[in-house]
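Residue numbers (the working numbering): 182 to 595.
No residue lacks a Cβ here, since even glycine has one placed at the ideal position from N, Cα and C.
Following this line, the structure appears as structure tokens:
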């Protein structure tokens, strides 16, 4: 399948980037890999606060010292020394030293797991030779080798399972970062619109709703800021959740279950239900314009029990019951910032325009663009809009937008 070829390409190129890591960068990356893989906080003492190597301790270990990790960028890491007489197995000096170091960290029996991480690639013949050594026979069951190839696979899988994991690895691997973007890095949070200002009141309203209900349909007319509110909620809640998934209403056709939604991250297919149920996740379904029922979210119960939530944006109340939340109007302060208004020196027309149109951030931002980029007199525009109170009171926004955009007819395009 196509995604398998993409996977191989991304991992192959990532192996090359891992090979270029220095000792400090390998420790930072490897420490993160093991922490995620073991699902626990790891202590990192291999480098000090100045990012210099520390020789008197093992590099990474768990709080109970049952998991220990050692790192190496030694180009001869997998090279063994031959016995001159040919009577003894090969001696893998660096590897044996790392294992003995790890065993000594937790006396008398040593840790349960010893990760040995290197930016070198393991030769095909290595494992059989290592297993024949005395230390391989005594402690091989505890040892987990993550060479450049296995490390690349682990980084890739962690990245496609969680955008926050991917964000960490992006800073070390620019080529890998570009590949994630090039091959449908699905779930990536959309960028806020130019000039968007986060309104805390809207975020607070969503947080209160989710205290009582795991599903929220945030509804309001086009241009009322639903999508931007969803982006802002995810961004400002990232410390309280472990993952997020972003899809559009078009991704979820009527008559199908969420499990049927097929998308990918980094070229790898993902299962939305599985991702949501695996950790405390925010699932955003942006722009769903058809009715839904509570039963449509039955497959997400495991995720709901972990604290996960579903945020749907729509123009209407598409969910029966109390699962719908009308998008709150933004504050005067936020509206002024979107318009680019100086509240201390604003004219009466400007203040009235803000008060009347704060129900639609789109109107405010469009007005700002027309005024600044097309040199339209602001007072004239405000007066024209305020002269039609019916257009304002219907809260539809279309008539007001039409009048604002009509100003573009006078612009002479090159």
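Closest by C-alpha distance to residue i, when choosing among the options
{"i": "residue 204", "options": "195, 192, 256", "result": "256"}
{"i": "residue 309", "options": "337, 299, 273", "result": "273"}
{"i": "residue 213", "options": "290, 188, 332", "result": "332"}
{"i": "residue 288", "options": "249, 302, 325", "result": "249"}
{"i": "residue 298", "options": "513, 227, 458", "result": "227"}
{"i": "residue 258", "options": "323, 277, 532", "result": "277"}
{"i": "residue 293", "options": "311, 320, 304", "result": "320"}
{"i": "residue 496", "options": "400, 471, 511", "result": "400"}
{"i": "residue 229", "options": "222, 223, 220, 240", "result": "240"}
{"i": "residue 456", "options": "305, 487, 388", "result": "487"}
{"i": "residue 408", "options": "346, 243, 374", "result": "374"}
{"i": "residue 197", "options": "391, 313, 357", "result": "357"}
{"i": "residue 424", "options": "344, 439, 300, 219", "result": "344"}
Straight-line Cα distance separating residue j from residue i
{"i": "residue 593", "j": "residue 432", "result": "In this prediction, residue 593 scores a pLDDT of 42, lower than 50, which makes its location untrustworthy; the coordinate-derived value is nonetheless stated afterwards. Each residue's Cα considered, the two are about 39 Å apart."}
{"i": "residue 296", "j": "residue 282", "result": "12 Å"}
{"i": "residue 340", "j": "residue 380", "result": "30 Å"}
{"i": "residue 393", "j": "residue 386", "result": "12 Å"}
{"i": "residue 484", "j": "residue 461", "result": "6 Å"}
{"i": "residue 206", "j": "residue 195", "result": "14 Å"}
{"i": "residue 505", "j": "residue 371", "result": "23 Å"}
{"i": "residue 225", "j": "residue 317", "result": "26 Å"}
{"i": "residue 410", "j": "residue 383", "result": "7 Å"}
{"i": "residue 415", "j": "residue 569", "result": "37 Å"}
{"i": "residue 441", "j": "residue 562", "result": "48 Å"}
{"i": "residue 417", "j": "residue 290", "result": "45 Å"}
{"i": "residue 216", "j": "residue 475", "result": "36 Å"}
{"i": "residue 502", "j": "residue 481", "result": "19 Å"}
{"i": "residue 516", "j": "residue 534", "result": "10 Å"}
{"i": "residue 527", "j": "residue 221", "result": "54 Å"}
{"i": "residue 231", "j": "residue 349", "result": "20 Å"}
{"i": "residue 453", "j": "residue 422", "result": "16 Å"}
{"i": "residue 479", "j": "residue 459", "result": "15 Å"}
Rounded distance between the beta-carbons of residue j and residue i, thought under 8 Å
{"i": "residue 464", "j": "residue 397", "result": "Residue 464 to residue 397, Cβ: 11 Å. No contact."}
{"i": "residue 378", "j": "residue 518", "result": "5 Å"}
{"i": "residue 543", "j": "residue 404", "result": "3 Å"}
{"i": "residue 466", "j": "residue 428", "result": "6 Å"}
{"i": "residue 191", "j": "residue 360", "result": "5 Å"}
{"i": "residue 260", "j": "residue 302", "result": "Residue 260 to residue 302, Cβ: 12 Å. No contact."}
{"i": "residue 531", "j": "residue 522", "result": "6 Å"}
{"i": "residue 413", "j": "residue 511", "result": "Actually they do not touch by this definition, with Cβ atoms about 11 Å apart."}
{"i": "residue 498", "j": "residue 471", "result": "Actually they are not in contact, since the Cβ atoms of residue 498 and residue 471 sit about 12 Å apart, beyond 8 Å."}
{"i": "residue 353", "j": "residue 210", "result": "6 Å"}
DSSP three-state assignment for residue i, whether helix, strand or coil
{"i": "residue 374", "result": "coil"}
{"i": "residue 213", "result": "helix"}
{"i": "residue 201", "result": "coil"}
{"i": "residue 508", "result": "coil"}
{"i": "residue 383", "result": "helix"}
{"i": "residue 189", "result": "helix"}
{"i": "residue 249", "result": "strand"}
{"i": "residue 414", "result": "helix"}
{"i": "residue 497", "result": "coil"}
{"i": "residue 262", "result": "strand"}
{"i": "residue 323", "result": "helix"}
{"i": "residue 290", "result": "coil"}
{"i": "residue 522", "result": "coil"}
{"i": "residue 284", "result": "helix"}
{"i": "residue 226", "result": "coil"}
{"i": "residue 402", "result": "coil"}
{"i": "residue 239", "result": "coil"}
{"i": "residue 272", "result": "strand"}
### Message
List, from N- to C-terminal side, the alpha helix (DSSP H) runs of 4 residues or more that fit wholly inside the stretch 425–488.
### Response
453–459, 482–486
#### Entry: 4-residue-minimum alpha helix (DSSP H) runs that sit fully inside the stretch 295–341, ordered along the chain
307–312, 315–320
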